[in-house]
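Structure first, then comments.
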Amino acid sequence: MAAVEHAVEHETTTGLPNTKLAMWLFLASECLLFGALISAYVLYRGADPLDGPTPADVFDIPYTSVSAFVLLASSLTMVLALSAAQRDDAVRMRLWLLTTAMLGMIFVGGQVYEFTTFYNEGLTVDVNLFGTTFYVLTGFHGVHVTVGILMLLSLVGMSLAGRLPADAAFPVEMVGLYWHFVDIVWIVIFTVVYLIPTGTAG
Amino acid sequence: MASVSVPRTAAGILRRPTATTGVWSWFTTVDHKKIGIMYGVAAFAFFLIGGLEALLIRAQLAGPELSVVNADQYNQLFTMHGVTMIFLFVMPMAAAFFNYLIPLQIGARDVAFPRLNAFSFWVFLLGGLFLYSSWFLGGAPNGGWFGYAPNSTTDPSVGMSFYALGLLITGIASAASAVNLAVTVINMRAPGMSLFRVPIFTWMGLVVQFLLVFSLPIITVALFQLLFDRRWDTAFFDPTRGGDPILWQHMFWLFGHPEVYILILPAFGIISEILPVFSRKPLFGYQFVVFSGIAIGFIGFGVWAHHMYAAGLGPVANTAFGISTAIIAVPTGVKIFNWMATMYGGDLRFRSPMLYVVGAIMMFVIGGLSGVMHSVVPSDYQQTDTYFIVAHFHYVIFGGGVFAFFAGLVFWWPKVFGRMLSERLAKIQFWIMLVGFNLTFGPMHVLGMQGMIRRSFTYPEALGLTFWNQMATVGSYLIAVAVLVFIANVVITQRKPKGLDDEDPWDARSLEWTTSSPPPEHNFDEIPTVHALDEFWHRKYVEDERGRVVRVPAGAAPDHDPARGGGSGHAIHLPSPSFWPLVAAIGLPVMGYGVLYSWWVLALGALVTVVGLYGWALEPSVAEEA
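So the sequence lines, in the order shown, correspond to chains A and B.
In terms of our numbering, the first sequence is residues 2 to 203.
In terms of our numbering, the second sequence is residues 42 to 667.
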């Protein structure tokens, strides 16, 4: 296995590439973004809805568990893509990136289906606090996954067009950092929103 | 601005811009110095607009029951005054100093991400213009700069939607800029510049960037919630559906208090940088000043509820936040004592920047002390929502912040523009501003104690508030005169031929003065190697055998005067200008209008931004040699 040297943009004080440092700072900031969204959800958890469905009325835990599994599996394929990139294996890298994007799309598709179902069961953003906080929190996450999918597909496209830099592993690693972060956030959201019972009736 | 080089073909947006002079070059520049100047100009323009709003407010309050403006207009005026001064003046003016100075102070050629830097500026400017377009589209924001729910969620005019969207857009600018500058300071220091050789202004800048990174996401979420409540009738802050308006207050101030330090730490940095130059002594306890800055940054996240004593959080919460608020006064006080000790025994030279700095310290101490009064809960109950609070934060932000900004402007003007501002006019401006400022905001302490309520658009004569209000109004117009003197000073100075008698007019200490004034596009012909804090000072002075400080004879120090402006820097590859940051930025306000008016406009804005980002990603940061 030819060890590929991590090309650094230019010499830096810490030795870390600027982009990687920036990505970590961005993710730190994102932690607070989701922290605030999750806090709002938790604060309003179990607030007796005056109207509209409760979590127990609408959640289909086995269904969402499957889509959560799909998303987590995409972290594995992301790692495989990075590994292929580090071996300069462009074909497998593109294959795994596409697989990761596909898994992400299945997840987002599942979320769209879930939202549609809930909506038909009467859960709208304005019917009660559960609807408000649920859609805004999971919706923000869904948007993040979608952005990640776009970045993955862009990597594949740029690779096919020969537009990736010589050290292709570096942009793959950066997108990977973001992708893993979005996955980890979903573990928290899935646990807090779906798995921990609200304690109210139902 | 004589030559304008506009691309000839419509397809010009696909071609790499190359112009480095002329009007067009400003739209495509990625040079941190040009971006810094643009930040400064834009922020100053917003300062004038916000100042006009303040003058209208003071005209309305010049006597009892006047009707210069009506209540609704008054609400819009004081809201826009606050939003403008905080988000469109103080923050971007600080960004102007950071952008211009940080790379020079750490010996870098540019910031870490030059195009992201341009993007930040354009997003800020367009976000500000977006916010101001509300005046013509149904009314400006009218719920105070803190936008308390449910007033902000239920107000029927479109203003608070513009507030939410406008601050979201400018927030993107600040967040991008914060990541960029933090990476720059951490990662792009010149050889030998360890963290404790970093100039103090850059240090305070680093703390500010971290505060932004961690506080902006919180206000982002809160603003989205406010926007969704208004636009799509979600229930976040609607008590009739179980929502809690106090949640808005918590989220707002969780951002809002770190924001206070985001506003003042740049001023602390400027003060700490200028004071030693005119005291002819190193900054007393540099490391203490650094650590107290970091401590302020940390504790700043733990004091937010002192804005909410009267919201009914209960005695335990109020006590806890009272204590943490009293604690944060300690590192702030440490800085004040460090500054005093820096001046003590120094060879003080009261040039104009020094006047502003000393003025800033004194005004800030007054504001700081009334701040400590507010930390005491029972005392705050008497003062909250009165003019006493208005007096307090103007002493801190205007007295501390704006005076420091003027100190910085006068001090670094020769560095940036290669011309000295008139010392005489700067001093005249200082004294007018000092008198005007105290005449405006000093009486507000009295008015607050008399019980004059904030944000009320008039007052009856029987309350006996007329005299001090009249004084405040006179004072505010004096401040306006002082600002006009500054503008006159700038105009006169910029008409003079370029050139400095001395490239180092203040006998300064930090690294940015080792290069020419103004610096070449590549900043340093050769990246300096740093051996000490106050590097430039140590290149100019040594101690003789008796321990006295003596000047190094000219030419004796090998790297004292590194080829000022002489080198062409032709071998240095600088990032090339680019259209894409501007394109990506234009999409954001379009998306903002889309949220208010039409999904199609929203989609169009998103498309523009995505196209901009792809163009950006696919273009190399340094263009191939033609």
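We treat Cβ as the ideally placed atom computed from N, Cα and C, and that holds for glycine.
Just so you know, these numbers come straight off a predicted model, no measurement behind them.
Against chain B, the beta carbon of arginine 164(A) has neighbours under 7 Å at Leu659, listed in chain order.
Between leucine 196(A) and isoleucine 62(A), the alpha-carbon positions lie close to 8 Å from each other.
When Cβ-Cβ separations below 8 Å define contact, phenylalanine 27(A) makes contact with chain B.
The beta-bridge partner set that DSSP reports for arginine 592(B) consists of Tyr582(B). Residues of the region 99-122 of chain B that bring their beta carbon within less than 9 Å of a beta carbon in chain A are absent altogether. Where glutamine 266(B) is concerned, the enclosing alpha helix (DSSP H) starts and stops at 241-273. In this structure, the beta-carbon distance from tyrosine 189(B) to tryptophan 289(B) falls below 8 Å. Near chain B, meaning a CB-to-CB distance below 7 Å, the residues of the region 108-126 of chain A are Val126. The Cβ of leucine 161(A) sits no closer than 8 Å to any Cβ of chain B. For lysine 376(B), the uninterrupted alpha helix (DSSP H) run begins and ends at 356-384, by DSSP. Sequence-distant Cβ neighbours of threonine 427(B) in its own chain, meaning closer than 7 Å and more than five residues away, are Gly489, Gly492, Met493, Ile494 and Arg495. Judged by DSSP in its simplified three-state form, isoleucine 568(B) adopts coil rather than helix or strand. Look at isoleucine 335(B) here: in three-state DSSP terms it is helix. In the three-state DSSP reduction, threonine 555(B) falls in the helix class (H, G or I). Judged by their CB atoms, leucine 209(B) and threonine 125(B) are not nearer to each other than the 8 Å cut-off. Within 10 angstroms of the beta-carbon of leucine 629(B) lie 16 or more other beta-carbons, which makes it buried.
Take alanine 219(B), set aside five residues on each side of it, and the residues of its chain with a beta-carbon closer than 6 Å to its own are Gln250, Leu253 and Val254, in chain order. Looking at the DSSP output, threonine 507(B) shares a beta bridge with no other residue. Bridge pairing for threonine 427(B): Ile494(B) [DSSP].
Taking the Cα positions, threonine 14(A) is about 48 Å away from tyrosine 114(A).
Exposed is the label assigned to valine 532(B), since fewer than 16 other Cβ atoms lie within 10 Å of its Cβ.
Of all C-beta pairs linking the region 238-246 of chain B to the region 329-344 of chain B, three or more are shorter than 8 Å, placing the two stretches in contact. Across the structure, leucine 541(B) and aspartate 388(B) are spaced so that their CA atoms are roughly 24 Å apart. Taking a C-beta cut-off of 7 Å against chain B, the contacting residues of the region 125-151 of chain A are Val126, Asp127, Asn129, Leu130, Thr133 and Val137, listed in chain order. Relative to glycine 646(B), the option among Leu654(B), Gly233(B), Met632(B) and Ala214(B) whose CA is nearest is Met632(B). Inside the region 391-459 of chain B, DSSP marks whole alpha helix (DSSP H) runs of 4 or more residues at positions 393-416, 418-424, 428-435 and 444-458, from first to last along the chain. Residue nearest to methionine 485(B) within the set Val82(B), Leu462(B) and Gly516(B) is Gly516(B) (criterion: CA-CA distance). Taking 9 Å as the upper bound on Cβ-Cβ separation, chain B lies near residues Leu34, Phe35, Gly36, Ala37, Leu38, Ser40, Ala41, Leu44, Tyr45, Ala48, Asp49 and Pro50 of the region 34-50 of chain A. The DSSP assignment places complete alpha helix (DSSP H) segments of no fewer than 4 residues inside the region 276-320 of chain B at 286-320, in order along the chain. The continuous stretches of alpha helix (DSSP H) do not include glutamate 106(B), and DSSP gives it neither H nor E. The DSSP-derived three-state label of aspartate 545(B) is coil. Per DSSP, histidine 122(B) is one residue of the alpha helix (DSSP H) stretching across 112-124. Taking every protein chain shown into account, the CB of histidine 145(A) has 16 or more other CB atoms within 10 angstroms, so this residue is buried.
Between glycine 200(B) and the set Ala135(B), Gln117(B) and Phe160(B), the nearest pair of CA atoms involves Gln117(B). Here tryptophan 176(B) carries a helix assignment [DSSP, helix/strand/coil]. Chain-ordered listing is empty here: chain B has no CB closer than 8 Å to the CB of threonine 199(A), the nearest sitting near 14 Å.
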